[in-house]
Structures are given as structure tokens and as C-alpha cells.
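Numbering (my numbering), first residue to last: 1118 to 1500. In this text, a Cβ means the ideal position worked out from N, Cα and C, and glycines have one as well. Here is the structure we will look at, set down as C-alpha cells.
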Ligand code: EPS
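Right under this line is the structure:
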């Protein structure tokens, strides 16, 4: 499955086209809209989320609640567009007073202006905005619907916001996803969640913003997805690129990740046992479900590190691109913290990569054929 998106943050709408979708995936509007709603939640989000109620309008590729195997096009309207029709007009003359001339350190503003030769950071920031991730989440919901047919589920939780950390990692196999969904910081532990909220409150008061760390997990995966034979088959690389493509993500780890670098080999890998009835069993999952660029049948565990959002109400120093004088970086309405939302976006990116690997291994034309091939594969492995 592949997707492309279009749309500016304060333009009329976001657009997604998803291609290479197998036929016959059962899907309903709520599958897409509930993920869009999950992305909008989260303690620390700004005023924009009170304006928007993201919903997808499907234009093609789905008939009577099943994918046709044709490209799926959908749009998500921007309610805020009504407030931006002058500044974001498609035609006519620019509004000179609305130009953004003090690039924000950490945002795409300055490098983007230099890149395309613009004197208005809005030409760049409108598209660099993480608003675009709503379109990705809609695409990801289609990947997730295919994975559901393959017996796979993808979820996420937050383990760190600023200096507030969830100390004890939870086992994805025993994770209570419903509790995470009711937490406004996507944290399964209420004491840690309270620390995270307090950190966000303190940041808001100080005119600051905060980043953090989230975990995405996928369970029900068969071993052997991805590949060891070529660089571009390796699932670590594909998943890493997908998560790093999300705005503000600066780091990705699989399983015990960077910690593995400091351990002896005997404490870095996952010993293999055979148990009749269960097959090959691991008692640890330090690898995070990936060995040799492939799934190994254990839960996939990916951590993503998000930097703090660059828009600061107490801004860093910048330079006015007209006068070259030192000025405060521009302020825009923004979020204090969007780590819970980024976790939902990362689920979508991971779901799309995993759905693609299922289509590669089990045939991408029809979900019924895929299920048949998957069952044959599972039967062979069991033998
Ligand atoms: C976002 C919408 C944006 C921001 C945020 C993500 O809305 P607005 O710019 O109108 O307030 O809240 O974008 C950024 C943090 C960013 O740096 O661009 C959304 O829908 O997720």
C-alpha cells in the first residue's frame, strides 16, 4: 500500500490517495473517523483541535463497505479554512501584512524559504505543519483494516513527556488498550499520567513546549515479514523511515534499542526454546520482534522520540528576513505538547508498512486470497 497527501494546514482540505489496496477489505466510516478522533485528542493540544472535528469523505475505491482494489481517494475538510480565506486565497494578491518573516528555530521555516526562494514562511509552514498527519492517519486506517483481517493489531502508548517518565515498561501481550484510550496522555499508568499533565501545565505557563517518547506495538504478526536478502526489504529500515517521516520525530528504537549497544551478546538476544503445541518460544523480546530485517513472530516494539514543538510563546532568537535585525521568532497558535497525537500517527505509519509486507508475502489482489495464503503458511510453519 502506498499513499500520497495534499493540502495546506489552513487551506480548504487535506487529501489522501491510497493505492495498491487489496480488494475485499471490510471497512466502515467509523474505522477511519475513530482514528482521526484519536489523533485529535491529547492533553496539551492547542486551540485548533477545538475548531476541527476531523471526518473523512471517501471519494473512490470503497463500495458497500468493502475495498474495490482500486485507489482510495478521500478528503478531510479544514473547518478553520473559513477564518483563513484571505491569507490562504488561491487567487488574487498576497496580504502583505500577513507575511511571516521571523523563522522559528526548529521548524521548516528558514530552510524552506531558502530552498524555494520565498520571503514568507507561510509558503512553507502551511505544508510542513503536522496538520498533514490527519491525512496519514486516514490512510493508516485502511492499512489497519487489512491487518485486522490478518489477525494483527497495532496500538501505542506514551512513556515520556518532558522529564515525566513511565518507569516500568508494559508487556504488549498483556496491555489493556482500553485504559490507554481513555487516558488523555495515552499513558497506561495514572501516577505517571499525572506527572505528564503537570509537566505540560508547567510548560504552558512558561511559554514552553515539550516533546517525549511513545511506543508503538503490533501483535499477531507472523514470522518472516520483510526480508534479509536486500537492503530495501529490511523491515527495521522500512519501519524506521516511516516513523521518522512524521514531523518532529528525531529518533527511533526497536526493542531494547540503544541499550543493546552496551550489553554483552548473551544479554542482548532472545534465546529460542521449542514447546510442543506452541512451537518456537522466546522468553524475552529484546529484539522488539525483528531479527535479520524480518518479523520473528514476537510482538513488534518501536519507540519514537519527538522533539518539542518549535512554536514557542516565549520565543527563541531569530532574524527578520527583510531587515536582518535580531527579533523574536514568530508566534503562531500551536500545541504545547503533541506526543499522544504523534503516537497515533506512528500507529498509522506502522500499520501501512506492515499491511504492505502482508500484501508482498501473501498476494495483494484480494483479501480472501491473502487469507488463504496466510493459512497455508501458518499450517506449514506448524508442521
Ligand atoms: C495540527 C494543527 C495545527 C497545529 C499543529 C498540528 O493547527 P494550527 O497551526 O492551526 O494551530 O496545532 O501543528 C504544529 C504543531 C506545527 O508545528 O505545525 C494538527 O491538526 O495536528
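Under 6 angstroms: does the beta carbon of residue i sit that close to some heavy atom of the ligand SAH?
i	result
residue 1226	With respect to the ligand SAH, the structure offers nothing, as its ligand set consists of the ligand EPS.
Leaving out five residues before and five after residue i in sequence, what residues of the same chain have Cβ atoms less than 6 angstroms from its Cβ?
i	result
residue 1404	1372 and 1387
residue 1309	1283
residue 1357	1369
residue 1134	1121, 1188 and 1190
residue 1159	1457 and 1458
residue 1136	1119 and 1188
residue 1152	1254 and 1258
residue 1414	1340
residue 1425	1326, 1327 and 1328
By the three-class DSSP mapping on this structure, what secondary structure does residue i have?
i	result
residue 1367	strand
residue 1273	strand
residue 1299	helix
residue 1131	strand
residue 1143	strand
residue 1408	strand
residue 1375	helix
residue 1225	coil
residue 1353	helix
residue 1423	strand
residue 1120	strand
residue 1470	helix
residue 1462	helix
residue 1181	coil
residue 1152	helix
residue 1329	strand
residue 1249	helix
residue 1212	coil
residue 1263	helix
residue 1392	strand
Please list, in chain order, all residues of the same chain as residue i whose beta carbon is under 7 angstroms from its beta carbon, the five residues on each side excluded.
i	result
residue 1124	1130, 1131, 1132, 1249 and 1252
residue 1350	1343, 1344 and 1410
residue 1138	1118, 1178, 1184, 1186, 1189 and 1259
residue 1490	1479 and 1480
residue 1244	1125
residue 1279	1316, 1320, 1327 and 1329
residue 1322	none
Assign residue i to buried or exposed, taking buried as 16 or more other Cβ atoms, counted over all protein chains shown, within 10 Å of its Cβ.
i	result
residue 1203	exposed
residue 1479	buried
residue 1378	exposed
residue 1121	exposed
residue 1067	Residue 1067 lies beyond the range of the chain shown here (1118 to 1500); nothing can be said about it.
residue 1391	exposed
residue 1439	exposed
residue 1381	exposed
residue 1200	exposed
residue 1272	buried
residue 1180	exposed
residue 1427	buried
residue 1214	exposed
residue 1262	buried
residue 1300	buried
Nearer than 6 angstroms: is that true of the beta carbon of residue i relative to any heavy atom of the ligand EPS?
i	result
residue 1165	yes
residue 1450	yes
residue 1246	yes
residue 1426	yes
To which residues of the same chain is residue i closer than 8 angstroms at the C-beta, ignoring the five residues directly before and after it?
i	result
residue 1348	1354
residue 1498	1339, 1340 and 1396
residue 1483	1139, 1140, 1141 and 1186
Compare the C-beta of residue i against all C-beta atoms of chain B and say whether one is closer than 7 angstroms.
i	result
residue 1352	Of the protein chains in the structure, only one exists, and it is not chain B.
Notebook entry, point to check: Are the segment 1438-1456 and the segment 1318-1330 touching by the rule of at least three beta carbon pairs closer than 8 angstroms?
Noted result: Verdict: yes, contact present.
Do the segment 1188-1197 and the segment 1156-1163 make contact, defined as three or more Cβ pairs closer than 8 angstroms?
Because the criterion of three Cβ pairs below 8 angstroms is not met, the segment 1188-1197 and the segment 1156-1163 do not touch.
- Query: How about the segment 1430-1440 and the segment 1411-1419: do they share at least three Cβ pairs that are nearer than 8 angstroms?
  - Reply: Proximity of the segment 1430-1440 to the segment 1411-1419 falls short of the contact definition, fewer than three beta-carbon pairs being nearer than 8 angstroms.
Report yes or no: do three or more beta-carbon pairs, one from the segment 1455-1472 and one from the segment 1230-1244, lie closer than 8 angstroms? Counting Cβ pairs under 8 angstroms, fewer than three are found: no touch.
(message) Check whether the segment 1143-1153 and the segment 1440-1447 are in contact - that is, three or more C-beta pairs closer than 8 angstroms.
(response) No, the segment 1143-1153 is not in contact with the segment 1440-1447.
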